[in-house]
Amino acid sequence: MSTVEGGLEEPQELEPEQGSLALAVEQDRATRADWEKAAAAVLRKARRLTDEDDDALVWEKLARTTLDGITVTPLGTAAGIADLDLPPAPGVAPYTRGREATRPETGWDNRPVLAGPDVKATAEQVLVDLENGATSVWLELGQGLGPGDLAPVLEKVYVDLAPVVISAPSEPLAAAQALVEVIRERGVEPAPGTNLGVDPVGDALRRLGFETLAAAGPEEGEGRARLEGRSSTGGDGGSDDLVAVARLALDAGTLGVVVDATALHDLGASDAQELGYSLAAGAAYLRTLTEAGIAIDDALGLVEFRYAATDEQFPTIAKLRAARRLWARVAELSGASPEAAGQRQHAVTSRPMMSAYDPWVNMLRTTVAAFAAGVGGADAVTVLPFDAALGAPDAFARRIARNTSSLLVSESHVGKVADPAGGSYAVERLTADLAEAGWAELGRIEDAGGIEAALADGSLRARVDDVVARRDDQVAHRSRPLTGLSEFPNLGETLPERTKLPETDAVRRYGAAYEALRDEPAARHVFLATMGSVAAHTARATFAGNLFAAGGVAVETAGATDGVAAVLAAYAGQPVVCLAGTDAAYAEWGADLVAALRDAGATRVILAGRPKDIEVDDSCAVGVDALAFLTRTREALA
Numbered sequence: 074m075s076t077v078e079g080g081l082e083e084p085q086e087l088e089p090e091q092g093s094l095a096l097a098v099e100q101d102r103a104t105r106a107d108w109e110k111a112a113a114a115v116l117r118k119a120r121r122l123t124d125e126d127d128d129a130l131v132w133e134k135l136a137r138t139t140l141d142g143i144t145v146t147p148l149g150t151a152a153g154i155a156d157l158d159l160p161p162a163p164g165v166a167p168y169t170r171g172r173e174a175t176r177p178e179t180g181w182d183n184r185p186v187l188a189g190p191d192v193k194a195t196a197e198q199v200l201v202d203l204e205n206g207a208t209s210v211w212l213e214l215g216q217g218l219g220p221g222d223l224a225p226v227l228e229k230v231y232v233d234l235a236p237v238v239i240s241a242p243s244e245p246l247a248a249a250q251a252l253v254e255v256i257r258e259r260g261v262e263p264a265p266g267t268n269l270g271v272d273p274v275g276d277a278l279r280r281l282g283f284e285t286l287a288a289a290g291p292e293e294g295e296g297r298a299r300l301e302g303r304s305s306t307g308g309d310g311g312s313d314d315l316v317a318v319a320r321l322a323l324d325a326g327t328l329g330v331v332v333d334a335t336a337l338h339d340l341g342a343s344d345a346q347e348l349g350y351s352l353a354a355g356a357a358y359l360r361t362l363t364e365a366g367i368a369i370d371d372a373l374g375l376v377e378f379r380y381a382a383t384d385e386q387f388p389t390i391a392k393l394r395a396a397r398r399l400w401a402r403v404a405e406l407s408g409a410s411p412e413a414a415g416q417r418q419h420a421v422t423s424r425p426m427m428s429a430y431d432p433w434v435n436m437l438r439t440t441v442a443a444f445a446a447g448v449g450g451a452d453a454v455t456v457l458p459f460d461a462a463l464g465a466p467d468a469f470a471r472r473i474a475r476n477t478s479s480l481l482v483s484e485s486h487v488g489k490v491a492d493p494a495g496g497s498y499a500v501e502r503l504t505a506d507l508a509e510a511g512w513a514e515l516g517r518i519e520d521a522g523g524i525e526a527a528l529a530d531g532s533l534r535a536r537v538d539d540v541v542a543r544r545d546d547q548v549a550h551r552s553r554p555l556t557g558l559s560e561f562p563n564l565g566e567t568l569p570e571r572t573k574l575p576e577t578d579a580v581r582r583y584g585a586a587y588e589a590l591r592d593e594p595a596a597r598h599v600f601l602a603t604m605g606s607v608a609a610h611t612a613r614a615t616f617a618g619n620l621f622a623a624g625g626v627a628v629e630t631a632g633a634t635d636g637v638a639a640v641l642a643a644y645a646g647q648p649v650v651c652l653a654g655t656d657a658a659y660a661e662w663g664a665d666l667v668a669a670l671r672d673a674g675a676t677r678v679i680l681a682g683r684p685k686d687i688e689v690d691d692s693c694a695v696g697v698d699a700l701a702f703l704t705r706t707r708e709a710l711a
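In structure tokens:
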């Protein structure tokens, strides 16, 4: 760069440290203390630090703790990973940085999911998807489609070019046989990535849920038998299906097994629990297959893992990286060759994070999740349509879902580089911590006797229930906000109508409690007794109005007022009233307004903010248990 009078100074040439690249001149370097000082200044303005507090407190104030107890620091530093051995390059065991050395030119596999129920319509949807950006197809059987429908659904699909993945919880062997028959009748080799999709543990978990799996009965009786997918009186299923489908896959040249960790994620599990479950289920499948005479490397080559990708992008990136590292360790302990230890990953945008209300927000959630899945190194990504929580997605929603991956791959070029987050202090730290937590969860499951025993005895459920309770508490207090549900709800929205699908899977959406309130809107409105000018009361009135709307409660507002008489002039006899104004207004004429409103017929008076000298029946402020507050309010309105 040349210099001109009055222009930039000639940059200084700095000798980089060995193994590193200097990207800044000396005067542009900032120290830890510099960052602490700048961050502390912001927190003092927000009143989260006092002038007497040390700047170093910003680490504690800005750090967050995940549901797995992992502390995520606000700033990644070299010191934060000093204890770690950084993973080798992509394509090298333990494959933390990717199963392959480079990403395919086409990026990840764009894999939409179809579940029926109409055969003709599903066949048409498959073609629309494959002709408009999808590179494979995932068919879920059991919601109207059966094994016998695979041939007509795939009639016009080039199965040697487009991988087909199936899920058939009720009839895994019949479905696998039907797909292989379709391929053989064409006289072609199956497209790489085709998967016959047997997953007895995941299928049982989805079909029966926690409670039925732990049903009464001796350990080797009906409860345990249901988990294994067989009758307690004998018969095929479970491990028999696993071995039969695996042999079929080996003969046909396809993948045969899916370890679907989203089955546990959908019930509320944390990231580490999802990892531990996947390792335990995968290990159980390896034991069964090798005991049946299948070589360990061949068994590993049959398996694909399915993980949830959420809108918490860094945990998702770290989870996928940690999963590859951990599975490589399982393979190593199983005596496999390093070349067979690379984990195939299929990421699916999270079902629990989706909302039925304000479903368009789901487009944003799934975009972040798909980005994280791609950056995390998933081989295939399924973006669920934004209206999936409402029923069968329409053509527009399916198109948006397909195009989300297409845009990230083709326009944003997210898939061009293998492991773009590799080397990031924050990502490497989170990957290592998640790997440690996931391995610990695997240990707990194995200590219980393996995945079947841990599900049947309720020990895994107890740990998941603890995570669910803590997440629910965060959602209730809105420290884990859900846009369109707990934050910024739109009571006037008109939801798109969708055909309901059979409830075949247990999915516990994070916003289920708010959705239940919204499903039955309150019959009466709350009167928002706004005090003072619009500028004076807007902050608290907006807060209260959004809070009430989250519970399906509409408000009627007094508007600008200058005293008790002006508020009473707008009051129409609503039983529940909420005062919204400044602390100064509360102190000056709040008590008089409460008395006047009670005399006028108000049976419950609420104050927006924290009450001091005013006697009210309830209050709402930042940090309130919103669900409990809304339940009390709705009871008063009833």
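Using the working numbering, you'd call the opening residue of the sequence shown number 74 and step up by one each time.
Think of the CB as a built atom: it goes at the ideal place given N, C-alpha and C, for glycine as much as any other residue.
- Around R534, the same chain offers F283 as residues with beta carbons nearer than 6 angstroms, after the five sequence neighbours per side are excluded.
- The Cβ atoms of A602 and L555 do not sit closer than 7 angstroms to each other.
- The DSSP-derived three-state label of T455 is strand.
- Taken through DSSP and simplified to helix, strand or coil, L214 comes out as coil.
- Along the segment 520-593, the alpha helix (DSSP H) occurs as fully enclosed runs of 4 or more residues at 524-529, 532-550, 585-592, listed in sequence order.
- Y380 is bridged by DSSP to A420.
- For N268, DSSP records a beta bridge to V238, L328.
- Nearest to A589 by alpha-carbon distance, out of A638, P273, V145, T704, is T704.
- Rounded to whole angstroms, the gap between the alpha carbons of L457 and I687 is 49 angstroms.
- Counting C-beta atoms within 10 angstroms of its own C-beta, Q100 has fewer than 16 neighbours from the protein chains shown and is therefore classed as exposed.
- Boundaries of the alpha helix (DSSP H) around A251: 245-259.
- If the five residues before and after L203 are omitted, its C-beta is found closer than 6 angstroms to the C-beta atoms of A235, all from its own chain and listed in chain order.
- A direct Cα-to-Cα measurement between T335 and S343 gives close to 11 angstroms.
- Minimum Cα-Cα distance from T655 among the listed residues G355, P684, A642 corresponds to P684.
- If you check the CB distance, P569 and D460 come in under 7 angstroms.
- Comparing alpha carbon positions, the residue from A391, L373, A95, D371 closest to E347 is A391.
- Of the residues A453, A527, G682, A166, the one whose Cα lies closest to the Cα of A381 is A453.
- Between the alpha carbons of E109 and W132 lies a distance of about 8 angstroms.
- Within the same chain, G636, V637 come within 7 angstroms of W662 by CB-CB distance, once the 5 residues on both sides are set aside.
- For D107, the uninterrupted alpha helix (DSSP H) run begins and ends at 105-118, by DSSP.
- The beta-bridge partner set that DSSP reports for N183 consists of V454.
- For D691, no alpha helix (DSSP H) segment is defined; the enclosing uninterrupted segment is the beta strand (DSSP E) at 691-693.
- Beyond the five residues adjoining it in sequence on each side, T195 comes within less than 7 angstroms, by CB distance, of L187, G189, L218, V226 in the same chain, given in chain order.
- Here the alpha carbons of R582 and P466 stand approximately 17 angstroms from one another.
- Counting along the chain, L122 sits inside no alpha helix (DSSP H), nor does DSSP assign it H or E at all.
- When DSSP states are grouped into helix, strand and coil, D333 belongs to the strand group.
- A distance below 6 angstroms between beta-carbons, with the five flanking residues on each side excluded, links D370 to the following residues of its chain, in chain order: A409, S410, A413.
- Ranked by Cα distance from Q198, the first of T169, E173, V230 is V230.
- Around the C-beta of T327, 16 or more other C-beta atoms lie within 10 Å, and the residue is accordingly described as buried.
- Taking the C-beta atoms as reference points, L393 is found nearer than 7 angstroms to G449.
- When the five nearest sequence neighbours on each side are left out, the beta carbons in the same chain lying within less than 6 angstroms of the beta carbon of A491 are those of P163, G171, T175, R176, in order along the chain.
- The continuous stretches of beta strand (DSSP E) do not include R102, and DSSP gives it neither H nor E.
- DSSP places I687 outside both helix and strand once states are collapsed to three, so it counts as coil.
- Looking at the DSSP output, L652 sits in a beta bridge with A602, L680.
- A straight line joining the alpha-carbon of A474 with that of T123 spans about 47 angstroms.
- A Cβ-Cβ distance of about 19 angstroms is found for the pair L135 and E501, leaving them out of contact under the 8 angstroms criterion.
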